[in-house]
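**Q**
Numbering (this note's numbering), first residue to last: 1404 to 1783.
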């Protein structure tokens, strides 16, 4: 579900961005790519950004990763949490949750230090996001239920096509939503699906994305970049048909539970773009200061500004994470006009056939970089 309506405007804005040493433009071989607008030297920082639109910490690591700096201390639980008093002061007269219950559960957020906690609370309008997280956590504890193995096998046995996906969403739009809209808010919970661990994690990711898209701190360029991101919806659901069930369930959960402030622009179309673009553009949130083979996978994030560089098995920029910031650095000299490429596989040491198989199965493209083409010639 590529967002075609935003395609031309996205290219125009990215091409005009003078703050970066590259621009994005249409290629002669199809698709978009990043090209250096000046000579870059090895070690030059090509891009640094904290402007992610969504981030998800893996459920198993939710207590072990700081939700502000994303620090991880080898499996030790973080000690700092938002108190009910802090949240009450933050929400003031709009504390929906505290009016219903005196028990604030911390919104599923943990921090490594008082500094990170306080800095998180100082972010503009952060109470909206915390409110959304707390509501989700409360209902996850009440309605938590995992799919049975038999149900998962059945859902994964479906033959997926674009028509099947559209039919699934049409049922939500034409049947479920009108039925829910006729109900009082208190009765809508009767239409509430149970929440699995995967549902909960996905719902938090979408909630954060809705929050980030709403914030003035997220600049106009980032919003346009997000709108223009490629979606891998069809390919991903074809491979994992159960995702269609997960997506429609999460949409229903959020449609009922989202605070009004985050629900303003919530729609099936936006939800599908959030999910589909995550499938195509997510960067892994990996443990820092560990080797590739021993580091933990802590979650993932979407940085729209960093998602227009194509993959190459001989990348000329290297990505790294320092806390909240993603940094992309030239690993060799790059001439003006040359394409800027990254490695999105993490398997560059594999033989060409295994490497291309991994890229096809994970990112749904056939790698035709210079290295792959050369190595394929030597084995055929």
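Don't be surprised by glycine CBs; every beta carbon is placed ideally from N, CA and C.
Secondary structure at residue 1618, three-state DSSP: helix, strand or coil?
**A** The residue labelled residue 1618 in the question sits at position 215 within the chain shown. Of the three classes helix, strand and coil, the one that applies to residue 1618 here is coil, per DSSP.
**Q** Less than 8 Å separating the beta-carbons of residue 1596 and residue 1655?
**A** Here residue 1596 refers to the residue found at position 193 of the chain shown. Here residue 1655 refers to the residue found at position 252 of the chain shown. In contact: residue 1596 and residue 1655 (Cβ atoms closer than 8 Å).
**Q** Please classify residue 1564 as buried or exposed, where buried requires at least 16 other C-beta atoms within 10 Å of its C-beta.
**A** As a working mapping, residue 1564 is identified with position 161 in the chain shown. The residue in question, residue 1564, is exposed, as its Cβ has fewer than 16 Cβ neighbours within 10 Å.
**Q** Would you kindly check if the distance between the Cβ of residue 1707 and the Cβ of residue 1745 is under 8 Å?
**A** Within the chain shown, residue 1745 is the residue found at index 342, counting from 1. Within the chain shown, residue 1707 is the residue found at index 304, counting from 1. No.
**Q** Any idea what DSSP makes of residue 1604, helix, strand or coil?
**A** Start at 1 with the first residue of the chain shown, and residue 1604 comes out as number 201. Of the three classes helix, strand and coil, the one that applies to residue 1604 here is helix, per DSSP.
**Q** Can you tell me which of the three DSSP states residue 1570 falls into?
**A** Here the question's residue 1570 lines up with position 167 in the chain shown. Helix.
**Q** Considering only the beta carbon of each residue, do residue 1684 and residue 1650 sit closer than 8 Å?
**A** Your numbering for residue 1684 matches position 281 in the chain shown. Your numbering for residue 1650 matches position 247 in the chain shown. Not in contact: residue 1684 and residue 1650 (Cβ atoms no closer than 8 Å).
**Q** Would a C-beta distance cut-off of 8 Å place residue 1771 and residue 1716 closer than the cut-off?
**A** Taking the chain shown and counting its residues from 1, one reaches residue 1771 at position 368. Taking the chain shown and counting its residues from 1, one reaches residue 1716 at position 313. Contact: no.
**Q** Are the Cβ atoms of residue 1460 and residue 1543 separated by less than 8 Å?
**A** Working through the chain shown from its first residue, we reach residue 1460 at position 57. Working through the chain shown from its first residue, we reach residue 1543 at position 140. Cβ distance not < 8 Å, so residue 1460 and residue 1543 don't count as in contact.
**Q** Name the two residues that bound the continuous beta strand (DSSP E) containing residue 1687.
**A** Here the question's residue 1687 lines up with position 284 in the chain shown. Looking at the DSSP string, the run of the beta strand (DSSP E) that includes residue 1687 is 1686-1689.
**Q** Between residue 1436 and the rest of its own chain, which residues show a CB-CB distance below 6 Å, the 5 nearest in sequence each way excluded?
**A** Numbered from its first residue, the chain shown carries residue 1436 at position 33. So the list reads 1430, 1713 and 1742, once near-sequence residues are dropped.
**Q** Return the Cβ separation of residue 1484 and residue 1524 in integer angstroms, given the expectation that the two are a contact with Cβ distance under 8 Å.
**A** As a working mapping, residue 1484 is identified with position 81 in the chain shown. As a working mapping, residue 1524 is identified with position 121 in the chain shown. Rounded, the Cβ-Cβ distance is 12 Å, inconsistent with contact.
**Q** Could you say if the region 1513-1522 and the region 1564-1582 meet the contact criterion of at least three C-beta pairs nearer than 8 Å?
**A** With a cut-off of 8 Å, the region 1564-1582 and the region 1513-1522 do not count as touching, because too few Cβ pairs lie within range.
**Q** Using a Cβ-Cβ cut-off of 8 Å, state whether residue 1651 counts as contacting chain C.
**A** Structure shown: chain C not included; a single protein chain is present.
**Q** CB-CB under 8 Å to residue 1476, same chain, minus the five flanking residues each way: which ones, in chain order?
**A** By one-based count along the chain shown, residue 1476 stands at place 73. For residue 1476, where only same-chain residues beyond five positions count, the Cβ hits under 8 Å are 1467 and 1515.
**Q** In three-state DSSP terms, what is residue 1458?
**A** Residue 1458 sits at position 55 when you count from the first residue of the chain shown. Note: residue 1458 maps to strand in three-state DSSP.
**Q** Looking at the secondary structure, which residues open and close the alpha helix (DSSP H) in which residue 1377 lies?
**A** Nothing can be reported for residue 1377, as the shown portion of the chain is limited to 1404 through 1783.
**Q** Does the Cβ of residue 1346 have 16 or more other Cβ atoms within 10 Å, making it buried, or fewer, making it exposed?
**A** In the structure displayed, the chain extends from 1404 to 1783; residue 1346 sits before or after that span and is not available.
**Q** Quick check on residue 1593: does DSSP put it in helix, strand or coil?
**A** Here residue 1593 corresponds to residue number 190 of the chain shown, with the count starting at 1. In this structure, residue 1593 counts as helix in the three-state DSSP scheme.
**Q** Between which two residues does the beta strand (DSSP E) holding residue 1508 run?
**A** Reading the chain shown from its first residue, position 105 is the one you call residue 1508. Note, residue 1508: premise wrong, no beta strand (DSSP E); not H, not E.
**Q** Around the Cβ of residue 1458, are there at least 16 other Cβ atoms within 10 angstroms (buried) or fewer (exposed)?
**A** Position 55 of the chain shown, counting from 1, holds the residue named residue 1458. The residue is buried, with at least 16 neighbouring Cβ atoms inside 10 Å.
**Q** Report yes if the CB atom of residue 1559 is closer than 8 Å to the CB atom of residue 1645, and no otherwise.
**A** Counting from one through the chain shown, the residue named residue 1559 turns up at place 156. Counting from one through the chain shown, the residue named residue 1645 turns up at place 242. For residue 1559 and residue 1645, yes; Cβs fall inside 8 Å.
**Q** Can you tell me which of the three DSSP states residue 1699 falls into?
**A** Here the question's residue 1699 lines up with position 296 in the chain shown. Looking at residue 1699 - three-state DSSP - the assignment turns out to be coil, as it is neither helix nor strand.
**Q** Suppose the cutoff is 8 Å on Cβ atoms and the five residues either side in sequence are ignored; what does the same chain contact list for residue 1782 look like?
**A** Looking up residue 1782 in the chain shown gives position 379. Answer for residue 1782: 1755 and 1756, listed in chain order.
**Q** Note down the Cα distance separating residue 1631 from residue 1625, rounded to an integer number of angstroms.
**A** The residue you call residue 1631 lines up with position 228 of the chain shown. The residue you call residue 1625 lines up with position 222 of the chain shown. Cα to Cα, the separation comes out at about 10 Å.
**Q** Taking the alpha-carbon of residue 1681 as reference, which of 1728, 1658, 1725 and 1765 has the nearest alpha-carbon?
**A** For the purposes of this step, residue 1681 is identified with residue 278 of the chain shown, where counting begins at 1. Considering only alpha carbons, the answer is 1765.
**Q** Taking 8 Å as the limit between beta carbons, can you name the residues of its chain near residue 1668, skipping five residues before and five after?
**A** Along the chain shown, one-based indexing puts residue 1668 at 265. Once the five neighbours on either side are set aside, the close Cβ partners of residue 1668 are 1613, 1616 and 1617.
**Q** Find the nearest neighbour of residue 1678 within the set 1635, 1700 and 1659, judged by alpha-carbon distance.
**A** Within the chain shown, numbered from 1, the residue matching residue 1678 stands at position 275. Ranking 1635, 1700 and 1659 by Cα distance to residue 1678 puts 1635 first.
**Q** Compute the Euclidean distance between the alpha carbons of residue 1562 and residue 1643, then round it to the nearest angstrom.
**A** On the chain shown, residue 1562 is found 159 positions in, with the first residue counted as 1. On the chain shown, residue 1643 is found 240 positions in, with the first residue counted as 1. Approximately 10 Å, taken between the alpha carbons.
**Q** Enumerate in chain order the residues of its own chain whose CB-to-CB distance from residue 1507 is below 8 Å, with the five nearest sequence positions on each side excluded.
**A** Taking the first residue of the chain shown as position 1, residue 1507 is located at position 104. Excluding sequence neighbours, residue 1507 sits near 1485, 1486, 1487, 1490, 1491, 1500, 1501 and 1537.
**Q** What are the partner residues of residue 1435, as DSSP defines its beta bridges?
**A** To locate residue 1435, count along the chain shown from 1; it is residue 32. Answer by DSSP bridge pairing, in chain order: 1429.
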